[in-house]
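Residue numbers (this note's numbering): 147 to 221.
Now the structure itself:
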């Protein structure tokens, strides 16, 4: 799956879900990774199962909401 359809997933998350130019800077990418790790840590600590991929989508969507660049049709 990752070898055949992985590029489409990367394109959707990196270009289509958040549509603003220059939204993914080094700083915002680090913040997104921080929130993914933090959410997974809190969920694991609380004993709540969490999907890594859905947590990543949520963090990227949060970036889109914060920068007003989220494409709700893609979401």
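Heads up, the beta-carbon is just placed ideally off N, CA and C, and yes, glycines get one too.
Residue i, buried or exposed, once every other Cβ within 10 Å from all chains shown has been counted against 16
i, result
"residue 210", "buried"
"residue 172", "exposed"
"residue 205", "buried"
"residue 216", "buried"
Where residue i falls: helix, strand or coil (DSSP)
i, result
"residue 194", "coil"
"residue 172", "helix"
"residue 151", "helix"
"residue 188", "helix"
Alpha carbon of residue i to alpha carbon of residue j, nearest angstrom
i, j, result
"residue 198", "residue 219", "22 Å"
"residue 154", "residue 188", "30 Å"
"residue 164", "residue 150", "23 Å"
Whole-angstrom C-beta distance between residue j and residue i, which should lie under 8 Å
i, j, result
"residue 213", "residue 169", "6 Å"
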